[in-house]
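**Q** Take this structure, written in structure tokens, and hold onto it; I'll ask about it next.
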Amino acid sequence: MSKRSVADLKIGERATIQSFENQLMSLKLLEMGCLPGAEVCLSGKAPLGDPICLSVSGYCLAMRKSEAATIFID
Amino acid sequence: MSSPVIALVGNPNAGKSSLFNQLTGLRQKTGNFPGVTVDKKSGSWTIDSQTVATVVDLPGVYSIYPKSLDEQIVTDILANPDHPDYPDVAIVVVDASNLHRNLLLFTQVADLGVPVILALNMLDVARQQSKEINAVKLAMRLGVPVVRINARTGDGVDQLKKAVMGQIREPTLPGKLFFDPGEEAAELIDDTRRQYHLDNNYLALQYIIQHDGFTFLNRQQQVGLDAIIEKHQFSEPTFQAGETITRYKRIAQLLSEVVTDQRPINQPTWSQKLDRVLLHPVWGYAIFGLILLLIFQAIFAWAQPFMDAIDAGVAWLNGQLKESLPKGPLTDLLTDGILAGVGGILVFIPQIAFLFLLVSLLEESGYMSRVMVIMDRIMRKFGLNGRSVVPLISGVACAVPAIMATRSIGTRRDRLITILVTPLMSCSARLPIYTILIALVVPSQRVLGVFNLQGLALMGLYLLGLVSALLAAYVLKLFLRTKERSFFIMELPTFKLPRWNHVALTIWESVRAFVWEAGRVILAISIILWVLASYGPGDSMDRAEKQARLQSDKVTTEELQNRIASERLEASYAGRFGHLIEPAIRPLGYDWKIGIALLSSFAAREVFVGTMSTIYSIGDGADDEGITIRERLHQERNPATGGPMYTPALAWSLLIFYVFAMMCMSTLAATQRETKSWKWPAIQLAYMMTIAYVSAFITYQLLQ
């Protein structure tokens, strides 16, 4: 089974970030508080399911599904 | 008297601009940073009787590793002590309710060796989330002054003054770097410091990681840094990722000592509850649609009385001047040339003001970010980005500020495509052309009981502009291949009440930019056009007048005046230009008179209607009451057929031409400034003109 990513979360589901797939994307995400070990919660989705909204370190972060797919969770 | 430079640094939405307004009041200037076209807000702040500081508001960033063009400027200044805006003191404004992320930037700025002050803002929000921050402990642990402020009310500004004065008199820097790259890459850092005479380890790291982006390094220095990287086999992204993680770890540890109580992650705030509606698959789009409708309503309906008033005011002034000043070419230049031109600019102010009132309300409240989120998926299909929505909406008023608004788009390709297609959105300068020509050929009837046919035609033209912008973006996407990955990562700010002084300032700045940027060009063209239409080579104008008198002996004096004016115009330089290009525009149905208007409106579309009025009303004079340019066009006969000149075929051909045509020098100049190349404005001009010509040709030939 392939690794689960943030893109696989359901609304309201929580998870802990494990690692990143893409190094350049991870630089952007790290700065925004998406750190390995940080707890995230999928707080909502835009119409058509993309982009998605994450609750991470106390604020709301919107990103595309393709970007969320580079964040692996446990 | 000393005048230190103070820079405001901080995350987006941390309250930086509010603090800026608190400190500088209305004594602020806008301009560009030296050498780049990124907006610069600066103002003076009287700290005490001896010290007036210059405060510079830098673009909001999350870290000193920039993601977009306007973010680049922050590092360019803070890493370069020779920059004219290099601060004596940097005030880092942080959102206390989100201290963890905000401190990342703070620790980076402090590590660069700039004397810093930490301004803790939004403590009230933090308190609502049951977080208490021990500012004294924070200051001790960070080794820098920490001031509690409320940027909205101005509380804490006095303490901030004291802290700034303290840092100016005797800069206190933290004893050691928060993150010292020398610990992990000692040899690399040593090499860099030696070669570039740096005494700060973290600055040396920035030279290594960001040298391609630093505008203050010359080519040779950049190549030299590449060599150092090569020598040490240094991996920049890995190191940068490690740095971010280490910083966050240390910040988390620090905060565990300084902050009490944490809000649980899953407790929905009222912003999140609101988002459930605004991002809803159905309601989200419905609300956005309603807001767009409101914007259009404001631009077209609410602005109309103000526009009429300005129009009437200019006409009245014109009449007064004509009456009171002695007759002569100078008076004519002032009234028909300059005042007519100025009037053409001023009349758009209400529309621009209304548009930016609404756009800035949406941005201030935090709703605009939601629009970007719900539109991203759709825009992406066309090679655009959720962030392209703001430029496209602003383009309905004026493409110049709209193109400047693309700077927040992080991906180069997305930004370029947005710049190239934004002028296809029907800007307010096209509106007078649309209204006059539609009124000429579309009957004012009701359809289905509610809709006005003319209104529907107008809406159709706007939709045509939008659809063509999206299609053009789609085609450009196929041509502009890039390895760079398009991305869309954005913080959704919590909803807030708008700050009215910010809204007022945005309106003022966009109106001022329009009047100055576009106005100067339009004014110059109006004057040139007046000269070209009033003078001809040699005595050709006088001969034309004689000719007209000879040929018309049995007409009223008014008709004679008209004929004389018409003959003189045809003989003038402008008339000759019109005749010169007539073969090229005949297939579109246009004659030389329209040719003059086309040529003169090449610089700015606004000039079209003005030119038409000049061409068709020269001779009618100011004493002629009641006859509007529309009626005058109605009366115009086609010399070849004897029928009306402005047939539906011609009017629609002109309308379609103006939907697409790139006729605005200010926009081309903006594209040149923003892309830093002449290639893109040339491409923009070529592709839009081609579409305009071809579709006007097809329209005319089909309807004829």
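Just so you know, the protein sequences line up as chains A and B, in that order.
Residues in the first sequence are numbered from 1 upward in steps of one, following our numbering.
Residues in the second sequence are numbered from 75 upward in steps of one, following our numbering.
For each residue, glycine too, the CB sits at the ideal point set by N, CA and C.
Kindly give me the distance between the Cβ atoms of V130(B) and A81(B), rounded to whole angstroms, as I take these residues to be in contact under 8 Å.
**A** Rounded, the Cβ-Cβ distance is 5 Å, consistent with contact.
**Q** Might you give, ordered along the chain, the residues of its own chain that have their beta carbon closer than 6 Å to the beta carbon of P465(B), omitting 5 neighbours on each side?
**A** Excluding sequence neighbours, P465(B) sits near A476, A479, T480, T492 and T496.
**Q** Would you tell me roughly how many angstroms separate the C-alpha atoms of V541(B) and R243(B), rounded to the nearest one?
**A** About 60 Å.
**Q** Going residue by residue through the segment 151-217 of chain B, where are the continuous alpha helix (DSSP H) segments of at least 4 residues, counting only ones entirely within it?
**A** You should have 173-185, 197-202 and 209-216.
**Q** May I have the straight-line CA-CA distance separating T16(A) from K551(B), to the nearest angstrom?
**A** Taking the straight line joining both Cα atoms gives about 36 Å.
**Q** Under 7 Å between beta-carbons, which chain A residues line up against I223(B)? List them in chain order, please.
**A** In chain order: nothing, as chain A lies at least about 20 Å away.
**Q** Along the chain, where does the alpha helix (DSSP H) that runs through N95(B) open and close?
**A** It spans K90 to T98 - the alpha helix (DSSP H) in which N95(B) sits, taken as one unbroken run.
**Q** According to DSSP, simplified to helix, strand and coil, what is D694(B)?
**A** Low confidence applies here, because D694(B) scores a pLDDT of 46, under 50, leaving its location unreliable; read the following figure in that light. Note: D694(B) maps to coil in three-state DSSP.
**Q** Residues of chain B with a CB under 8 Å from the CB of K28(A): which are they?
**A** In chain order: K141, F561 and I563.
**Q** Let me check you understand the geometry: is the CB of L279(B) closer than 7 Å to at least one non-hydrogen atom of the ligand ZN?
**A** Of ligands this structure carries none, so the ligand ZN is not represented either.
**Q** For the beta strand (DSSP E) holding E39(A), just list the boundary residues, first then last.
**A** From DSSP, the beta strand (DSSP E) with E39(A) extends over E39 to K45.
**Q** Exposed or buried, what is G134(B) when buried is set at 16 or more other beta-carbons lying within 10 Å of its beta-carbon?
**A** Answer is buried; the Cβ neighbour count reaches 16.
**Q** For A62(A), return the contacting residues in chain B, with the cut-off set at a CB-CB distance below 7 Å.
**A** Residues of chain B passing the Cβ test: V447, M564 and L566.
**Q** Taking Cβ to Cβ, would you say L48(A) is nearer than 8 Å to R350(B)?
**A** Result no, Cβ atoms of L48(A) and R350(B) do not sit closer than 8 Å.
**Q** Considering only their Cβ atoms, is the gap separating A587(B) from V474(B) smaller than 8 Å?
**A** Their beta carbons are under 8 Å apart, which means V474(B) touches A587(B) by this criterion.
**Q** Which first and last residues belong to the alpha helix (DSSP H) in which E331(B) is found?
**A** Start and end: E310 to V332.
**Q** Quick check: the segment 708-727 of chain B against the segment 647-657 of chain B, are there 3 or more CB pairs under 8 Å?
**A** Output reads no: the segment 647-657 of chain B does not touch the segment 708-727 of chain B.
**Q** Any idea what DSSP makes of M25(A), helix, strand or coil?
**A** Here M25(A) sits in helix by DSSP.
**Q** Are K90(B) and V167(B) closer than 8 Å when you measure CB to CB?
**A** Yes, these two residues count as a Cβ contact at 8 Å.
**Q** Go through its chain and collect everything with a Cβ distance to G700(B)'s Cβ below 8 Å, but skip five positions before and after it.
**A** Any reading at G700(B) must be qualified, since the residue scores a pLDDT of 45, below 50, and its modelled position is unreliable; the value itself is stated next. Closer than 8 Å at the Cβ level, and outside the excluded window around G700(B), lies no residue.
**Q** Using beta carbons (cut-off 8 Å, strictly below), is T128(B) in contact with chain A?
**A** Taking Cβ atoms only, chain A never reaches closer than 8 Å to T128(B), which makes this a no.
**Q** Can you pull the DSSP bridge partners for I80(B)?
**A** Answer is V129(B) and V163(B).
**Q** Can you list, in chain order, the residues of the segment 315-327 of chain B whose Cβ is nearer than 7 Å to any Cβ on chain A?
**A** The segment 315-327 of chain B vs chain A, Cβ under 7 Å: A315, T318, I319 and Y322.
**Q** Excluding the 5 residues flanking I73(A) on each side, which residues of the same chain have their C-beta closer than 7 Å to its C-beta?
**A** Excluding positions up to five away in sequence, the list reads R4, S5, V6, A15, T16, I17 and Q18.
**Q** Helix, strand or coil for G117(B)? Go by DSSP, reduced to three states.
**A** Correct three-state label for G117(B): strand.
**Q** Quick check: is the beta carbon of A69(A) nearer than 8 Å to any beta carbon in chain B?
**A** A69(A) does not count as touching chain B.
**Q** Find the residues of chain A that neighbour G137(B), judging by a C-beta separation of less than 7 Å, and give them in chain order.
**A** Note that residue 137(B) is Ser in the sequence shown here, rather than Gly. Within 7 Å Cβ-Cβ: E31.
**Q** Would you list the one or two residues that DSSP bridges to L597(B)?
**A** Paired residues: none, contrary to the question.
**Q** Who are N224(B)'s beta bridge partners in DSSP?
**A** Looking at the DSSP assignment, N224(B) forms a beta bridge with D229(B).
**Q** Identify whether E45(B) lies in helix, strand or coil by the three-state DSSP scheme.
**A** Past the boundaries of the shown model lies residue 45(B); chain B is included only from 75 to 778, so the question cannot be answered.
**Q** Kindly give me the distance between the Cβ atoms of G784(B) and Y647(B), rounded to whole angstroms, as I take these residues to be in contact under 8 Å.
**A** With chain B covering only 75 through 778, there is no way to say anything about residue 784(B).
**Q** Output the distance between the C-alpha atoms of A513(B) and Q528(B), rounded to the nearest integer angstrom.
**A** Approximately 7 Å between the Cα atoms of the pair.
**Q** List the residues of chain A whose Cβ lies closer than 7 Å to the Cβ of D185(B), in chain order.
**A** Simply none; closest approach about 15 Å.
**Q** Starting from Q102(B), follow its DSSP beta bridges and name the residues at the other end.
**A** Note: Q102(B) sits in a beta bridge opposite G117(B).
**Q** Below 8 Å on C-beta distance, what does D74(A) contact in chain B?
**A** The contacting residues do not exist; D74(A) stays about 16 Å from chain B at best.
**Q** Just to confirm my understanding: we take K65(A), look at its own chain, exclude 5 residues before and 5 after, and list those with CB closer than 8 Å. What are they?
**A** Cβ neighbours of K65(A) beyond the five flanking positions: A7, G49, D50, P51 and I52.
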